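Notes for the one structure printed next.
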Amino acid sequence: MKIIKSFQQGFFTQFLIVFFLATMVVTINGLLAGRETFAILDIFILMLMALCTSFASVLFYVDLQRMSRLKMALRRVLHFIVIVGITFLLGLVAGWITLELSFATLRYMAFVVGVYILVTLLMYAKYKKEAKNMEEKLKEKFAKKEED
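Heads up, the sequence shown is in this note's numbering, so the first residue is 26 and it goes up one at a time.
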């Protein structure tokens with residue numbers, strides 16, 4: 026039960042972060058491309074993008090305790106490729122980018138890489154804070170046992 030709750034919290038946090046940052050990227054990219062409108066379909070595609078990338082992220086980060094550093098690095102590279110693929114395909118569907126190599130497509134992909142790095146850093150900070158809190162609770166627990 027605790028694993029499911031942790032999964033839900035991680036998924037929801039990831040979804041919100043990705044949705045917010047993806048919305049910012051599409052808005053900025055659209056403004057730079059000269060589009061002044063934001064269609065309702067764009068919002069649904071952003072939600073789908075956040076949903077797909079969050080689900081892919083959660084699947085890739087299951088059972089990391091028993092993995093070697095090499096496997097973790099390979100998993101990270103594969104995760105990056107999947108995320109870029111998802112965002113590229115949804116960008117094509119939404120009409121934000123084209124298959125031709127243009128400045129707008131390169132800018133979009135640069136934004137995707139930037140968001141990927143930012144989300145990774147935010148999630149790292151979140152997990153580091155949780156680990157620190159657990160460590161403090163364990164220290165308190167062992168300090169109480171030593172006093173007894």
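All residues carry an ideal CB built from backbone N, CA and C; glycine is no exception.
Please read these numbers as outputs of a predicted model, since none were measured by experiment.
At the level of alpha carbons, what is the spacing between A58 and T112? 18 Å
Thinking C-alpha only, which one of A81, L46, M49, A64 is nearest I106? A81
Find out if the Cβ-Cβ distance for the pair F44, M72 is shorter than 8 Å. yes
Buried or exposed: which applies to G120, given that a residue is buried once 16 or more other Cβ atoms fall within 10 Å of its Cβ? exposed
State the start and end residues of the unbroken alpha helix (DSSP H) segment that holds A64. Run containing A64: none; DSSP gives neither H nor E here.
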